[in-house]
Amino acid sequence: MKSACYVPEGRQGWWGGPDTRLRCRADDKVVFFSEADAQKAANRATNRGDPMIFYRGKCGHLHVARKKVRRHG
Ligand SMILES: [Zn+2]
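Take any residue in the sequence shown, count from 1 to its spot, add 1: that is its number in the working numbering.
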């Protein structure tokens, strides 16, 4: 069973505008409706220089998360 979702009010996104994306109550992350959407978002972030991957959480929703990168030094 999927966790409940909500649309945040008065939240600002990283782009500086209002963030009205649907979020998951269980972990407060943005919800994606398909693996294709999640993959696209992960790719966009990766192209921005912020490597991300998508996964399905215990909450039942698709989310993206920052990829753990092993840094040299
Ligand atoms: Zn979730």
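The beta-carbon is built from N, C-alpha and C at its ideal position, and this holds for glycine as well.
Computed from a predicted structure; not experimentally measured.
Between the options, which has its C-alpha nearest residue i's C-alpha?
{"i": "Tyr-56", "options": "Phe-33, Val-70 and Asp-29", "result": "Phe-33"}
{"i": "Met-2", "options": "Lys-59, Arg-72, Trp-16 and His-64", "result": "Lys-59"}
{"i": "Tyr-7", "options": "Asp-28, Trp-16 and Trp-15", "result": "Asp-28"}
{"i": "Arg-72", "options": "Pro-52, Ala-66 and His-64", "result": "Pro-52"}
{"i": "Thr-47", "options": "Lys-69, Ser-35 and Asp-20", "result": "Lys-69"}
{"i": "Ala-39", "options": "Gly-11, Trp-15, Val-65 and Ser-4", "result": "Val-65"}
With a 10 Å radius around its C-beta and 16 neighbouring C-beta atoms as the bar for buried, classify residue i as buried or exposed.
{"i": "His-62", "result": "buried"}
{"i": "Trp-43", "result": "It is worth fixing the name first, because residue 43 is Ala in this sequence and not Trp. The residue is buried, with at least 16 neighbouring Cβ atoms inside 10 Å."}
So residue i packs on residue j, CB below 8 Å; how close in whole Å?
{"i": "Arg-45", "j": "Val-31", "result": "Actually they are not in contact, since the Cβ atoms of Arg-45 and Val-31 sit about 12 Å apart, beyond 8 Å."}
3 or more residues per run - each beta strand (DSSP E) lying fully within the segment 39-70: Runs found: 53-57 and 63-67.
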